[in-house]
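Comments concern the structure below.
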Amino acid sequence: MEKKKIFSMVGEKDVTRAIINGFATQFSEYVESDVIIVGAGPSGLMAGKELAEKGLKVLIVERNNYLGGGFWIGGYLMNKITVRSPAERILDELNVPYQKYTEGLYTADGPHACSKLIASACDAGVKFANMTVFDDVVLREGNRVAGVVVNWTPVTALPREITCVDPIALESKIVIDATGHDAFVVKKLEERGILKTGGMGGMWVDLSEDLIVEHTGEVHPGLVVCGMAVSTTYGLPRMGPTFGGMLLSGKKAAEETLKILKGLLQKRA
Amino acid sequence: MKELIIYEEGKIYPVEGERIAVEIEEDFGIRCKFMGFIFKDLKENEKRNLALEIAKTRVKEIYKEKEAVPLPMEIAYEEKKINGEAGYGVIYDGFMLSQVLLNFFPFKRGEEIRVLITDRLLATFDTDMRYHLRTCILGGGWNIVSTNGLIHAPARPKEFYFARRLLGEKMDEVAIREIEEVLGDRFLRENDPRIFEVLKSLLLQAFFYSGFGEGFCSDKDCRLFNPHWQEEVINSLVKKRGELGLCEKHKEMFYRLKNDKN
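Going down the list, the protein sequences come from chains D and L. Note that our numbering numbers the first sequence so that position 169 is 227, with each residue one more than the last. Note that our numbering numbers the second sequence so that position 78 is 97, with each residue one more than the last.
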């Protein structure tokens, strides 16, 4: 008697077609989104999750293959992350177990927290373009940011003479810069003379994460900045790995984005 | 003798302005008045103008001394602070901020010494071509004393920095708290009751600066010592030694100033 195969009989060509069609269908749909977030670290993922939960079409562009940025590990490559109160409430929302270390300070497993955050963003409906590097901004009248120009990440790693690969543009109503200290999107506007950033503040002030949250918001028409990109944009003091600030900043970026979109709708009406 | 007039803003750790004014009068015999929140009488348009001017004094680049070009969010942040909302961490050029205060709140410099006690972090550009955090800015019009500067500007005990170097800049909060526990009361923290006495010493320095153009002393046991380490802050500005807590030289100068101006 012939042994029953565990997996169904599918040829290589079918696998390839499935990948191409799946990718092309989704990518074509997300060539135009409500919000494009550049960077899939904790603040970008949080912003994406919150916006997608409100029914918005959200695409997160990430230059790495993996999502989560530095959220997998805490200080000194140790995979315990810390959050200060009230950010433990977000861990509650994400259903991430945590321990109280001292009053107002909590620890959680980095892999658990990060994977739950990624899963929440996916569950909410966020789509991802990973291995995709931000190249430039799409500008409209009045220099309003209206999308991003992207390319494959590997293109940036190859010698110039064999990489004449033009980028492509994706459009959105709002772009969120969640690229960390690099603040790539904001810096691109600065390169064009549209905006002047502060540069990263050199002095250490241990409790500056409040500032990151308070300064999260629209930095230029169509462009919201969140996470550590806020620090670079405004030249705020440097600080250690404080993920609570990143999560709350992502949440605030989503709130600010919703306000802007509401304003845009009213303007059109 | 000039009158010491104190204003406050922001989240001030145990300052208790009224009590500090009473103790300055009782301890030193200096006329002193606490006026409360500095921005309370500003009109809306004045608040907006002031917010813009304060935003320009932000230190954005540690190695460059220049007026900042503020972004809208920064001006909005300053407006919120002018309206009394707490929030700190932004670093301001102390001398520029003092000048802004003088422009908006001029006073008779021959009759008064004005001091703002604030939660803002202050820095000055030094001869090594970079900004350094300061606890206070004396002279140049308004004197400014920073409660958060008291916590962040003077260096903590050396062990703290050895640990930071060992663990790298990514030393996490758990490690910071453990090191802080080991260091005990060797540095000032938020809500530290010793801040009250430190503020009195800094107000005395403002008084001396106004009288002699110099507010500091090189004697570590004098209240006018300019500390660079937290342990020096505690030794010089908290612990009171002898009459007035001043060295012999400054005690004599203090009485001369009082008698001359009376």
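For each residue, glycine too, the CB sits at the ideal point set by N, CA and C. No experiment lies behind these values; they were computed from the predicted model shown.
Measuring CB to CB, does residue i end up less than 9 angstroms from residue j?
i, j, result
"K99(L)", "E86(L)", "no"
"A187(D)", "V196(D)", "no"
"G280(D)", "L103(D)", "no"
"E262(L)", "K268(L)", "no"
"A105(D)", "I234(D)", "yes"
"P176(L)", "R205(L)", "yes"
"M92(L)", "V277(D)", "yes"
"Y111(L)", "R77(L)", "yes"
"V213(D)", "I94(D)", "no"
"I256(L)", "V164(L)", "According to the sequence as given, residue 256(L) is Leu; it is not Ile. No, Cβ-Cβ distance for L256(L) and V164(L) is not below 9 angstroms."
"I136(L)", "E27(L)", "yes"
"A145(D)", "F301(D)", "yes"
"D92(D)", "L323(D)", "no"
"L71(L)", "I94(L)", "yes"
Ignore the nearest five residues each way along the sequence and tell me which others in residue i's own chain have a CB closer than 8 angstroms to its CB.
i, result
"V73(D)", "none"
"I132(L)", "K21, E22, L23, I24, N162, A225, F226, S229"
"N281(L)", "Any reading at N281(L) must be qualified, since the residue scores a pLDDT of 44, below 50, and its modelled position is unreliable; the value itself is stated next. Once the five neighbours on either side are set aside, the close Cβ partners of N281(L) are M20."
"M189(D)", "E120, R121, N122, N123, W210, T211, P212"
Please report the straight-line C-alpha distance between residue i and residue j, rounded to a whole angstrom.
i, j, result
"A177(D)", "E70(D)", "29 angstroms"
"T165(D)", "L306(D)", "16 angstroms"
"D194(D)", "V208(D)", "7 angstroms"
"L228(D)", "T315(D)", "18 angstroms"
"Y180(L)", "H170(D)", "32 angstroms"
"E272(D)", "G285(D)", "11 angstroms"
"S141(D)", "K317(D)", "Before going on, a small fix: residue 141(D) reads as Val here, not Ser. Their backbone Cα atoms lie some 27 angstroms apart in a straight line."
"C236(L)", "N245(L)", "7 angstroms"
"F126(L)", "G160(L)", "9 angstroms"
"F123(L)", "L69(L)", "7 angstroms"
"G203(L)", "G303(D)", "27 angstroms"
"S345(D)", "V244(D)", "An answer regarding residue 345(D) cannot be provided, because it is not within the stretch 59 to 327 covered by chain D."
"N210(L)", "E313(D)", "33 angstroms"
"I78(D)", "F85(D)", "10 angstroms"
"A287(D)", "I118(D)", "16 angstroms"
"A182(L)", "I198(L)", "8 angstroms"
"A76(D)", "V68(D)", "11 angstroms"
Tell me which same chain residues have a C-beta within less than 6 angstroms of the C-beta of residue i, skipping the five on either side of it?
i, result
"F242(D)", "F192"
"I131(D)", "N137, G168"
"F53(L)", "I25, G36, E37, A40"
"N167(L)", "Y107, D138, L140"
"A110(D)", "V116, A182, G183, V184"
"C222(D)", "none"
"C51(L)", "L23, A40, I43, E44"
On a CA-only basis, which of the options is nearest residue i? Give me that one, please.
i, options, result
"E87(D)", "I64(D), V116(D), T255(D), A182(D)", "V116(D)"
"A172(L)", "K277(L), A142(L), G160(L)", "A142(L)"
"M115(L)", "F181(L), I73(L), N64(L)", "I73(L)"
"L120(L)", "E130(L), I156(L), E199(L), A95(L)", "I156(L)"
"G238(D)", "N201(D), T291(D), M67(D), S66(D)", "T291(D)"
"L125(D)", "V244(D), C172(D), Y159(D), S289(D)", "C172(D)"
"P100(D)", "A311(D), R326(D), L323(D)", "A311(D)"
"C241(L)", "I253(L), L202(L), F231(L)", "I253(L)"
"G200(D)", "L114(D), K107(D), M67(D), L247(D)", "L247(D)"
"G55(L)", "Y274(L), L71(L), G29(L), K62(L)", "G29(L)"
"N122(D)", "A215(D), E90(D), L322(D)", "A215(D)"
"R208(L)", "E197(L), L169(L), R183(L), G232(L)", "L169(L)"
"I160(D)", "L175(D), D92(D), L149(D), S143(D)", "Sequence inspection shows Thr at residue 160(D); the Ile mentioned does not correspond to that position. Of the candidates L175(D), D92(D), L149(D), S143(D), the one whose C-alpha sits nearest the C-alpha of T160(D) is S143(D)."
"G129(L)", "F47(L), I101(L), G158(L), Q118(L)", "G158(L)"
"R260(L)", "H151(L), L243(L), M272(L), R275(L)", "L243(L)"
"A179(D)", "E108(D), I232(D), S66(D)", "E108(D)"
"A236(D)", "D150(D), G127(D), E90(D), K61(D)", "G127(D)"
"V217(L)", "L276(L), D147(L), E251(L)", "E251(L)"
"F144(L)", "A95(L), G113(L), N278(L)", "G113(L)"
Does the ligand ADP have even one heavy atom less than 8 angstroms from the beta-carbon of residue i?
i, result
"R75(D)", "This structure lacks the ligand ADP; in fact it carries no ligand of any kind."
Contact criterion: CB-CB distance below 9 angstroms. Does residue i meet it with respect to chain A?
i, result
"D268(D)", "Here the protein chains are D and L, and chain A is not one of them."
Ordered along the chain, which non-local residues of its own chain (more than five positions away) have a Cβ less than 7 angstroms from that of residue i?
i, result
"E319(L)", "Because chain L here runs from 20 to 281, residue 319(L) falls outside it and cannot be looked at."
"L185(L)", "none"
"R149(L)", "I81, Y82"
"C266(L)", "C236, D238, D240, C241"
Item to check | Where the stretch 272 to 285 of chain D meets chain L: residues whose CB sits under 8 angstroms from a CB there | outcome: E272, H273, G275, E276, V277
Checklist entry - What residues in the stretch 193 to 217 of chain L have a beta carbon less than 8 angstroms from any beta carbon of chain D? => result V193, A194, I195, R196
Checklist entry - Can you list, in chain order, the residues of the stretch 111 to 141 of chain D whose Cβ is nearer than 7 angstroms to any Cβ on chain L? => result Within the stretch 111 to 141 of chain D, the qualifying residues are G132, G133, Y134, T140.
Next on the checklist: Tell me which residues of the stretch 67 to 80 of chain D have at least one Cβ-Cβ distance to chain L shorter than 9 angstroms, keeping chain order.
Outcome noted: Cβ contacts with chain L: none found.
Checklist entry - Which residues, in order along the stretch 90 to 108 of chain L, keep a beta-carbon less than 7 angstroms from a beta-carbon of chain D? => result L90, M92, E93, Y96, G106, G108
Checklist entry - Name the residues in the stretch 208 to 222 of chain D whose C-beta lies less than 9 angstroms from a C-beta of chain L; which are they? => result So nothing in the stretch comes that close.
Item to check | Cβ-based contacts, 7 angstroms cut-off: residues of the stretch 107 to 123 of chain L near chain D | outcome: G108, V109, I110
Item to check | Against chain D: residues of the stretch 155 to 169 of chain L by CB proximity under 9 angstroms | outcome: N167
Next on the checklist: Short of 7 angstroms Cβ to Cβ, which residues in the stretch 50 to 72 of chain L face chain D?
Outcome noted: none
Item to check | Against chain L: residues of the stretch 154 to 173 of chain D by CB proximity under 9 angstroms | outcome: Y159, T160, L163, T165
Checklist entry - What residues in the stretch 93 to 106 of chain D bring their beta carbon closer than 7 angstroms to a beta carbon of chain L? => result For the stretch 93 to 106 of chain D, the beta-carbon criterion of a distance under 7 angstroms to any beta-carbon of chain L is satisfied by none of its residues.
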